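Residue numbers (our numbering), protein chains in the order written: chain A, 1 to 306; chain B, 307 to 638; chain C, 639 to 888.
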């Protein structure tokens with residue numbers, strides 16, 4: 001039936017691509033949302049964490065492929081390396097830039113976040129050069145679902161692993177003791193501390209968890225587009241932030257849904273209307289949501305205390 | 307000691323007027339760039355420090371001013387001197403329009419909103435070639451003249467050349483010196499504006515908004531209007547600086563008005579603590595030193611990011627000194 | 639006259655204020671008292687426009703306050719409030735804090751900006767100095783308020799509210815955090831505000847003894863409802879109030 005309906009094939013292809021992009025945004029958005037709900041802080045440097053994840057993945061893939069390992073093993077090692085190193089960066093970021101300023105005026109941590117973001121971006125440029133890093137042929141298999149409708153192995157991986165991660169993550173937050181501690185700190189950090197919860201440890205763990213998800217997203221981007229670039233963190237970060245706000249900042253399912261909506265909107269916009277304003281869409285969405293429904297799709301409205 | 311330093315500072319304006327005598331072409335150009343950033347930071351500090359609003363999209367107003375002159379100047383031949391106030395008005399108007407909804411947002415959300423606006427404007431400039439020349443920008447922006455005196459070797463139509471009128475040999479430095487004095491004059495006026503603001507009812511009300519909006523409302527102050535006033539005032543200054551930038555470079559393109567430009571200006575203001583002298587020093591450190599030390603060029607942005615972090619960690623309130631009250635009981 | 643008509647305020651399942659009506663007369667001191675959780679502060683926030691009541695109206699000087707913005711309640715209806723947890727502009731001096739309340743009069747911004755010492759501006763400073771003098775704060779007029787003692791900060795906040803020229807001044811627990819002698823001194827000053835300067839007062843207080851001496855009329859709240867209303871003498875003898883405050887001993 002598809003051969004007779006090229007419009008439908010085109011639509012399905014866009015849908016598939018949009019979901020893939022949306023899953024990536026969603027993974028990054030989770031990090032923004034978690035940190036915001038626990039510290040009330042927009043971790044502006046989160047986009048750079050994602051970019052670093054992508055670079056670590058690039059270095060790891062290149063290294064392990066050099067050893068002549070099997071693709072599956074390379075993939076496993078790459079994810080492990082990216083997650084571990086990037087979580088370390090997330091941990092360090094929080095310790096240096098945010099922890100000393102906890103409780104200070106709100107502008108201060110936001111500005112350190114911007115400073116950290118600039119620092120990380122340019123440090124990576126100095127370290128890896130300003131040329132984008134392109135991956136040699138890896139995981140390029142494509143499957144034709146119907147004539148004209150193609151899904152790549154990476155897309156399958158992103159959608160499959162992304163979904164799995166989401167389930168694991170929801171279980172972690174809802175069913176484990178760590179999840180309970182995290183929610184306690186969110187509600188009232190002081191009280192949680194008095195009850196014997198190691199607040200600093202929970203916050204560090206939250207940053208590491210967010211960074212780990214960003215590392216996965218960075219690896220996905222590397223595999224999907226085959227290239228990473230030291231400036232990619234800013235735009236992807238802003239779009240993911242828009243997704244988090246759209247879903248309702250602080251709401252974890254909201255971050256995923258927001259990511260998917262943004263990914264689909266961008267892809268369909270580019271596919272049917274034109275690529276000119278594709279990158280502006282995220283910002284439009286962001287501003288509109290902030291103005292019309294600041295609590296987002298899934299968030300609760302904030303009550304002003306007098 | 308401090309007294310002596312303070313009295314020495316009185317001669318600072320004089321030193322700035324005499325400075326061009328000591329500088330060669332590169333020096334003159336750098337000094338103008340330095341003052342340009344000082345002016346921008348003086349503008350943004352009205353919102354950042356005085357009113358406590360984090361604006362991450364200041365480059366938008368800089369761009370509006372620059373394109374205002376680039377378009378009016380090239381297409382309609384409007385003069386630079388007329389464009390200065392026009393750019394200020396246009397930027398302030400856009401700021402009032404954009405600020406009315408955005409300023410309802412609180413804290414970080416306002417910051418993100420301004421960033422979004424600036425990005426959208428930048429993408430607009432990149433895409434609408436018919437108006438803005440797209441990514442290639444607009445070139446051949448007309449050079450400003452001094453009461454009809456042109457600084458080119460051969461004057462434009464209907465103009466006299468400066469070097470002939472002044473009975474000098476032609477030299478490219480004359481034009482650079484002219485730019486330097488234009489920007490020095492503008493920055494001088496901005497410093498006066500800052501001083502007046504620090505002593506006035508309006509400046510005090512901005513500070514009250516920064517400290518406690520709820521208390522302001524309880525006193526009957528119109529917080530929304532005050533915020534728009536501060537935001538538009540800063541935007542107008544951005545517009546003026548953009549107009550000067552377009553004239554000085556003779557060329558504008560969206561490259562010059564990206565997120566990093568907003569952040570650079572913000573960093574100078576934050577590092578300078580919102581005070582004219584602090585801002586001058588901060589601009590020296592953040593703009594000029596990296597320009598001078600070519601070897602450090604690659605490290606410039608890393609250094610820049612690190613400075614922002616370190617300053618905030620050491621002094622979250624910035625490098626500014628103690629606040630001077632706007633009015634004292636012994637007065638009037 | 640400030641009239642509260644059938645105000646109710648519901649937060650989710652909690653009815654914090656339940657159908658309360660009261661009147662505060664012009665030229666008098668009216669106190670609303672009640673224990674913790676009686677709904678005093680919620681009622682107060684409804685009157686001054688910081689909460690929108692679920693039902694009911696507040697009417698004062700011909701304005702329906704619940705229909706005005708917070709700024710207009712202060713600026714137009716001339717009902718000005720203070721805060722239980724003192725909200726001053728910390729780095730600004732006491733004088734600057736008080737002067738800010740003059741700002742709503744549209745002082746000549748341009749002239750002031752240009753540095754002209756206009757008559758309005760001089761008069762504003764003089765009025766601000768007057769209020770600071772009334773509260774014995776002239777010595778600290780040029781001190782940033784963050785450096786003042788708690789008791790002084792409380793007085794600056796009241797002086798600032800007075801500089802906004804209220805017809806009704808609403809004070810949220812003005813004696814909270816003060817020691818007995820400070821509190822006594824403040825009550826004398828408050829009495830003077832009404833008796834000498836003609837500003838009507840609406841006080842919220844949890845400690846009955848503090849306001850007994852100066853109030854013309856007292857309203858007692860309990861669990862969001864009005865328990866009693868009357869002159870201090872009536873209230874002192876009211877069996878319901880005695881039961882609520884001292885516990886039933888029958």
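The beta carbon of each residue, even a glycine, is placed where N, CA and C say it ideally should be. Because the structure is a prediction, the values reported are computed rather than measured.
Taking a Cβ distance cut-off of 7 Å, strictly less, list which residues of the stretch 459–471 of chain B are near chain A, in chain order.
Listed by position along the chain: nothing, the set is empty.
Sort B:406, B:415 and B:378 by Cα distance to residue 393 of chain B and report the nearest one.
In the second chain, counting from the first residue as 1, residue 393 of chain B sits at position 87. The option with the nearest alpha carbon to residue 393 of chain B is B:378.
Any idea what DSSP makes of residue 72 of chain A, helix, strand or coil?
The residue you call residue 72 of chain A lines up with position 72 of the first chain. It is helical.
Can you give me the Cβ contacts of residue 445 of chain B inside the same chain, cut-off strictly under 6 Å, excluding the 5 residues immediately before and after it?
Start at 1 with the first residue of the second chain, and residue 445 of chain B comes out as number 139. Cβ neighbours of residue 445 of chain B beyond the five flanking positions: 557.
Could you name the residues of the same chain whose beta carbon sits closer than 7 Å to that of residue 197 of chain A, not counting the 5 residues immediately before and after it, in chain order?
Translated into positions along the first chain, residue 197 of chain A becomes position 197. The residues are 181, 184 and 185.
DSSP has residue 718 of chain C in a bridge; who is on the other side?
If you number the third chain from 1, residue 718 of chain C lands on position 80. C:807, per the DSSP bridge assignment.
Can you give me the C-alpha to C-alpha distance between residue 391 of chain B and residue 322 of chain B, rounded to a whole angstrom?
Mapped onto the second chain, residue 391 of chain B falls at position 85. Mapped onto the second chain, residue 322 of chain B falls at position 16. The straight-line gap from Cα to Cα measures roughly 24 Å.
Which value, in whole angstroms, describes the spacing of the CA atoms of residue 89 of chain A and residue 211 of chain A?
As a position in the first chain, residue 89 of chain A is number 89, starting the count at 1. As a position in the first chain, residue 211 of chain A is number 211, starting the count at 1. In a straight line, the C-alpha of residue 89 of chain A is about 8 Å away from that of residue 211 of chain A.
For residue 442 of chain B, report the span of its alpha helix (DSSP H) as first-last.
As a first step, residue 442 of chain B must be located in the second chain, where it is residue number 136. Run containing residue 442 of chain B: none; DSSP gives neither H nor E here.
Which stretch, first to last residue, makes up the alpha helix (DSSP H) that contains residue 710 of chain C?
The count along the third chain starts at 1 and reaches residue 710 of chain C at position 72. From DSSP, the alpha helix (DSSP H) with residue 710 of chain C extends over 708–713.
Could you give the residue range of the alpha helix (DSSP H) that holds residue 39 of chain A?
Your numbering for residue 39 of chain A matches position 39 in the first chain. Where residue 39 of chain A is concerned, the enclosing alpha helix (DSSP H) stretches over 6–39.
Would you tell me roughly how many angstroms separate the C-alpha atoms of residue 313 of chain B and residue 581 of chain B, rounded to the nearest one?
One-based indexing of the second chain puts residue 313 of chain B at position 7. One-based indexing of the second chain puts residue 581 of chain B at position 275. Answer to the nearest angstrom: the Cα atoms are 17 Å apart.
To which residues does DSSP link residue 547 of chain B through a beta bridge?
In the second chain, residue 547 of chain B corresponds to position 241, counting from 1. In the DSSP output, where bridge partners are listed per residue, residue 547 of chain B has none listed.
Can you list the alpha helix (DSSP H) stretches of 4 or more residues lying completely in the stretch 484–534 of chain B, in chain order?
Fully enclosed alpha helix (DSSP H) runs of 4 or longer: 507–517 and 519–524.
Beta carbon of residue 852 of chain C, beta carbon of residue 828 of chain C: below 8 Å?
What you label residue 852 of chain C is simply residue 214 of the third chain in a count that begins at 1. What you label residue 828 of chain C is simply residue 190 of the third chain in a count that begins at 1. It is a contact, given that the beta carbons lie within the stated cut-off.
For residue 613 of chain B, which option in A:17, A:97, A:151 and A:44 has the closest C-alpha, if you only look at C-alpha atoms?
Indexing the second chain from 1 puts residue 613 of chain B at position 307. Closest by alpha carbon: A:97.
Excluding the 5 residues preceding and the 5 following residue 821 of chain C in the sequence, name in chain order all residues of the same chain whose CB lies nearer than 7 Å to its CB.
Mapped onto the third chain, residue 821 of chain C falls at position 183. For residue 821 of chain C, where only same-chain residues beyond five positions count, the Cβ hits under 7 Å are 813 and 848.
Go through the stretch 188–248 of chain A residue by residue and report every complete run of the alpha helix (DSSP H) that reaches 4 residues or more, in order.
With a minimum length of 4 residues, the continuous alpha helix (DSSP H) runs that stay inside the stretch 188–248 of chain A are 189–194, 199–225 and 232–247.
Tell me the DSSP bridge mates of residue 698 of chain C?
Position 60 of the third chain, counted from the first residue, corresponds to residue 698 of chain C. Beta-bridge pairing links residue 698 of chain C to C:640 and C:701.
For residue 173 of chain A, which of helix, strand or coil comes out of DSSP?
Translated into the one-based positions of the first chain, residue 173 of chain A becomes position 173. DSSP places residue 173 of chain A in helix when its eight states are reduced to three.
Run through chain B and tell me which residues come within less than 7 Å of residue 198 of chain A, C-beta to C-beta.
The residue given as residue 198 of chain A occupies position 198 in the first chain. Residues of chain B passing the Cβ test: none, with the nearest at roughly 23 Å.
What does the Cβ neighbour count give for residue 878 of chain C, buried or exposed, with the cut at 16 atoms within 10 Å?
On the third chain, residue 878 of chain C is found 240 positions in, with the first residue counted as 1. Exposed, since its Cβ has fewer than 16 Cβ neighbours within 10 Å.
For residue 191 of chain A, count the other beta carbons within 10 Å of its own beta carbon; 16 or more makes it buried, fewer makes it exposed. Which is it?
Indexing the first chain from 1 puts residue 191 of chain A at position 191. Classification for residue 191 of chain A: exposed.
Mind listing the chain C neighbours of residue 520 of chain B? Cutoff is C-beta to C-beta under 7 Å, in chain order.
In the second chain, residue 520 of chain B corresponds to position 214, counting from 1. Those within 7 Å of residue 520 of chain B in chain C are 725.
Which word fits residue 122 of chain A, buried or exposed, when buried means at least 16 other C-beta atoms lie within 10 angstroms of its C-beta?
Along the first chain, read from residue 1 onward, the residue named residue 122 of chain A stands at position 122. Answer is buried; the Cβ neighbour count reaches 16.
Flag this pair as yes or no: are the beta carbons of residue 369 of chain B and residue 431 of chain B separated by less than 8 Å?
Within the second chain, the letter at position 63 stands for residue 369 of chain B. Within the second chain, the letter at position 125 stands for residue 431 of chain B. The answer is yes: Cβ separation under 8 Å.
Tell me whether residue 634 of chain C is buried or exposed, calling it buried when 16 or more other Cβ atoms sit within 10 Å of its Cβ.
It is not possible to answer for residue 634 of chain C, since the shown part of chain C is limited to 639 through 888.
Is the distance from the Cβ of residue 26 of chain A to the Cβ of residue 250 of chain A below 8 Å?
Along the first chain, read from residue 1 onward, the residue named residue 26 of chain A stands at position 26. Along the first chain, read from residue 1 onward, the residue named residue 250 of chain A stands at position 250. No, the pair does not count as a contact, with Cβ atoms beyond the cut-off.
Just verifying my parser: in three-state terms, what is the DSSP assignment at residue 456 of chain B?
Start at 1 with the first residue of the second chain, and residue 456 of chain B comes out as number 150. The answer is strand: DSSP assigns residue 456 of chain B an E or B state.
Less than 7 Å between C-beta atoms, sequence neighbours within five positions excluded: which residues of the same chain meet that for residue 239 of chain A?
To locate residue 239 of chain A, count along the first chain from 1; it is residue 239. 25, 262 and 282.
Can you round the beta-carbon distance between residue 792 of chain C and residue 816 of chain C to whole angstroms, since I take them to be within the 8 Å contact cut?
Working through the third chain from its first residue, we reach residue 792 of chain C at position 154. Working through the third chain from its first residue, we reach residue 816 of chain C at position 178. With a Cβ gap of about 7 Å, residue 792 of chain C and residue 816 of chain C count as contacting.
State the DSSP-derived secondary structure class of residue 474 of chain B, mapped to helix, strand or coil.
As a working note, residue 474 of chain B is residue 168 in the second chain. It is coil, neither helix nor strand.
Run through DSSP, which three-state label would residue 888 of chain C get?
As a first step, residue 888 of chain C is located in the third chain; it is residue number 250 there, counting from the start. Its pLDDT being 45, under 50, residue 888 of chain C is placed unreliably in this model, and the value from its coordinates should be taken loosely. It is coil, neither helix nor strand.
Against residue 514 of chain B, what residues of chain C qualify as contacts under a CB-to-CB distance less than 9 Å, listed in chain order?
The residue you call residue 514 of chain B lines up with position 208 of the second chain. The answer, in chain order, is 727, 730, 734, 735, 738 and 741.
State the start and end residues of the unbroken alpha helix (DSSP H) segment that holds residue 731 of chain C.
Residue numbering aside, residue 731 of chain C sits at position 93 when the third chain is read from its first letter. Per DSSP, residue 731 of chain C belongs to no alpha helix (DSSP H) and is neither H nor E.
Three or more C-beta pairs closer than 8 Å, one from the stretch 660–673 of chain C and one from the stretch 854–861 of chain C: is that the case here?
Touching, yes, given that three or more Cβ pairs across the two stretches are closer than 8 Å.
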